[in-house]
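Engineer:
Now the structure itself:
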């Protein structure tokens, strides 16, 4: 059998390989990206499923519209109005099978082979993997502490055939960094002079445990702006429910066609259950519970790092989200360190898969949302021994 | 915004446009492809959802494996063993977000731009749409009453760069035709001499209401064979649960990578609910209920056509599935007939979208599964007036 060029050049998920190694019970794993199960409102979802069936009957098991369940899209629009003052209509919103599908659909409708895609360096590996299938030229732009490096971004826009810029402006994966207000404005100014699509992928935006919420870079004001959102971090990742928002009608039309070809529509039963949950429960309070936990867990990890890591090692201090990014001494390879960590029964993700091409980088991603403070402290202590 | 070449060349769903026109209450529509709601075991699914949550707890709301829920894959393997004597292991099975996603994944891993894809003519429009996004060269081969035209298929294999053959061997969409035993053998013999992938898409195979079940063309014996199955026609299409089976390990590895990039994994809650349903209810009896209904509905439509259609019009007589294919006098355009049908308040799908390039064809697809026998008779009577 002969395979396509695109699949032969697409990396399989490095993290999923790591997770197999770290599945042993006595390993403390900071490698995953799993929300804490506290974020799944199990009993409320059970009641919501029951009520959704009673209220909708057979229609929630039948084929449904590609665009998504209208009441859910109305709910999403109303929430952005309330939280961000943004004016979206249900027609601006496409329900996707997780944000991962939104990445795939954008690849389908925008990318010809060789088109330039600006990605944050380091950047979200799921985006690198999804776009890779459309054979673009990746244009990595350094992610500084306050956002994309402006000079590099400007150079890329002037000299490369850039179609698309992919950003995670809040508590980025893998670094936990958040774009500053000033950097957001500067990027907006720059992009308003270019015909390029901007994705703001915002899976963690709701999970801010300190500092003030910041306006989006382009959402609601750039014509070619695309916002991704998801219920994976606040209700359930297993249900695979995300959404994409854009006011560009032509883009939306093409995305709907691409989604028809990809899976016809997103699970309508799941859409109804989540809508039922959102409209009959104290969702905001539920989010506050998650935030309080993650704040405590992040603090536990940072405190332990302060205590057990040598001064040569630096790390980010996130204001929200799920990750901390650790930078080792220059020249040290986190990948080579991994077997030593496994001997100590502690796991992390070496930085390599967050780069489109760099290898043996001196950085690693740590997740703090899926362990207790005690376990976090013990894991960081073990890790400190080998740094 | 500049869009990709692939999306500019992909048709949006013709049928979804038609469905908007035919949504009026007093229109008798044979245009859809909807299973009868009798096929959704609503109360059993409600109980299954409740039990799945009780038994699995938070894990069914968490991220899950790309390959799919292991007990569901074991169930599928056991069922093929029992029904067809085929030896599959769970590792040969990938759970997909509906069969539509299986089409997309195959496009991703096999097709380079310009590669040849043999499709049945007429063929399933969802496959044409899905593959179109990977910019292949479609090689239509006539679908005769007993299956693909052998001479045309052989010519295509010898002269075109064919990577992939897409078939629906049982009660095909749109024609309702079934490949004969002899034709299946002949195609198998031919393909065993070529390095080409064969898809057997079998969404309707369980819904046979007359004649004997036939062995697959290549499944279980051709190395590059791929079988698609789904729960959409026997449990719920809205849940978007299908599966792909192949014994080609290299292919499976690439498909898993492609699925990671596309949606990470299929809704695990839905997988557990359906598995719970399948293992705690009389599934075979449920299928027999659907079959009995569809048999009656197909007979009602064929009887009415015998009574109301002029002798110049011919049509298929399916042994199962959901569709009848009607051929008008040569030169007549079903598309041009459509407005006249709407005046009579009856709807069908003109044949055009089932062809990769032919237009104004003299054929149409009728669905009989979603109306009572009385309504079917009245609709065919109305249609007969304008033929």
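Chains as they are written, first to last, in our numbering: chain A, 5 to 391; chain B, 5 to 391. Where a beta carbon is used, it is the ideal one built from N, C-alpha and C, also for glycine. Remember, it's a predicted structure, so these values are computed and weren't measured experimentally.
Determine the direct distance from the alpha carbon of residue 337 (chain A) to that of residue 208 (chain B), and round the result to whole angstroms.
Structural biologist: 54 Å
Engineer: Looking at chain A, which residues of the stretch 272–297 of chain B have a Cβ within less than 7 Å of any of its Cβ atoms?
Structural biologist: Per Cβ criterion, the list reads 272, 273 and 274.
Engineer: Output the distance between the C-alpha atoms of residue 357 (chain A) and residue 377 (chain B), rounded to the nearest integer angstrom.
Structural biologist: 59 Å
Engineer: Which term fits residue 390 (chain A), buried or exposed, when burial requires 16 or more other beta carbons within 10 angstroms of its beta carbon?
Structural biologist: exposed
Engineer: Give me, in chain order, the residues of the same chain whose beta-carbon lies closer than 6 Å to that of residue 135 (chain B); leave out the 5 immediate sequence neighbours on both sides.
Structural biologist: 111 and 121
Engineer: Check whether the stretch 76–83 of chain B and the stretch 302–310 of chain B are in contact - that is, three or more C-beta pairs closer than 8 Å.
Structural biologist: no
Engineer: Does chain A have any CB closer than 8 Å to the CB of residue 32 (chain B)?
Structural biologist: no
Engineer: For the alpha helix (DSSP H) holding residue 309 (chain B), just list the boundary residues, first then last.
Structural biologist: Looking at the DSSP string, the run of the alpha helix (DSSP H) that includes residue 309 (chain B) is 287–312.
Engineer: For residue 157 (chain A) and residue 145 (chain A), what's the separation of their Cα atoms in angstroms?
Structural biologist: Those two C-alpha atoms are separated by around 6 Å.
Engineer: Find the residues of chain B that neighbour residue 113 (chain A), judging by a C-beta separation of less than 7 Å, and give them in chain order.
Structural biologist: 7, 8 and 11
Engineer: So with CB distances below 7 Å, who are the chain B contacts of residue 55 (chain A)?
Structural biologist: Think of a sphere of 7 Å around the beta carbon of residue 55 (chain A): no beta carbon from chain B falls inside it, the nearest being about 10 Å out.
Engineer: Hey, quick one: how far does the beta strand (DSSP E) through residue 368 (chain B) stretch, first residue to last?
Structural biologist: 367–371
Engineer: Cutting at 7 Å between CB atoms, please list the residues of its own chain near residue 320 (chain B), excluding the five before and the five after it.
Structural biologist: Contacts found: 179, 180, 181, 328 and 329.
Engineer: Per DSSP, what are the beta-bridge partners of residue 359 (chain B) in this structure?
Structural biologist: In DSSP, residue 359 (chain B) forms no bridge with anything.
Engineer: Taking the beta strand (DSSP E) that residue 375 (chain A) belongs to, which residues open and close that run?
Structural biologist: Taken as a continuous stretch (DSSP letters only), residue 375 (chain A) belongs to no beta strand (DSSP E), as it is neither H nor E.
Engineer: With a floor of 4 residues, list each alpha helix (DSSP H) that falls wholly inside the stretch 38–117 of chain B, ordered by position along the chain.
Structural biologist: 46–60, 74–88 and 102–114
Engineer: Report yes if the CB atom of residue 4 (chain B) is closer than 8 Å to the CB atom of residue 98 (chain B), and no otherwise.
Structural biologist: With chain B covering 5 to 391 only, the question about residue 4 (chain B) has no answer from this structure.
Engineer: Excluding the five sequence neighbours on either side, which residues of its own chain have a C-beta within less than 7 Å of the C-beta of residue 285 (chain B), listed in chain order?
Structural biologist: 45 and 48
Engineer: Under 8 Å: do the stretch 61–78 of chain A and the stretch 136–143 of chain A share three or more Cβ pairs, one atom per stretch?
Structural biologist: no
Engineer: Are residue 34 (chain B) and residue 372 (chain B) touching if we call contact CB-CB under 8 Å?
Structural biologist: yes
Engineer: At 9 Å on the CB atoms, spell out the chain A contacts of residue 49 (chain B), in chain order.
Structural biologist: 57, 65 and 273
Engineer: Might you give, ordered along the chain, the residues of its own chain that have their beta carbon closer than 8 Å to the beta carbon of residue 267 (chain A), omitting 5 neighbours on each side?
Structural biologist: 101 and 105
Engineer: Identify the contact partners of residue 134 (chain B) in chain A, using a Cβ-Cβ distance below 8 Å as the criterion.
Structural biologist: 265 and 266
Engineer: By DSSP's criteria, residue 170 (chain A) is part of a beta bridge. Which residues make up the other side?
Structural biologist: A:123 and A:203
Engineer: Could you say which of A:262, A:270, A:240 and A:315 lies nearest to residue 291 (chain A) if we only look at CA atoms?
Structural biologist: A:240
Engineer: Which residues mark the beginning and the end of the beta strand (DSSP E) in which residue 219 (chain A) is found?
Structural biologist: Residue 219 (chain A) -> no beta strand (DSSP E), and no H or E assigned at all.
Engineer: With which residues is residue 146 (chain A) paired in a DSSP beta bridge?
Structural biologist: A:125
Engineer: May I ask you to list the residues that DSSP assigns as paired with residue 354 (chain B)?
Structural biologist: B:368
Engineer: What are the start and end residues of the alpha helix (DSSP H) that includes residue 342 (chain A)?
Structural biologist: That run of the alpha helix (DSSP H) goes 338–347.
Engineer: So residue 229 (chain B) is in the beta strand (DSSP E); what residue range does that whole segment cover?
Structural biologist: 229–234
Engineer: Which same chain residues end up closer than 6 Å to residue 123 (chain A) when comparing Cβ atoms and leaving out the 5 residues on each side of it in sequence?
Structural biologist: Within the same chain, residue 123 (chain A) has close Cβ partners 142, 144 and 170.
Engineer: Does the beta carbon of residue 345 (chain B) come closer than 8 Å to any beta carbon on chain E?
Structural biologist: Here chain E cannot be found, since the structure's protein chains are A and B.
Engineer: Along the chain, where does the beta strand (DSSP E) that runs through residue 247 (chain A) open and close?
Structural biologist: 246–249
Engineer: Measure the alpha-carbon distance for residue 12 (chain A) versus residue 9 (chain B) and round it to whole angstroms.
Structural biologist: 22 Å
Engineer: Check whether the Cβ of residue 61 (chain B) lies closer than 8 Å to any Cβ atom in chain A.
Structural biologist: yes
Engineer: Could you name the residues of the same chain whose beta carbon sits closer than 8 Å to that of residue 403 (chain B), not counting the 5 residues immediately before and after it, in chain order?
Structural biologist: In the structure as shown, chain B starts at 5 and stops at 391, and residue 403 (chain B) therefore has no counterpart that could be examined.
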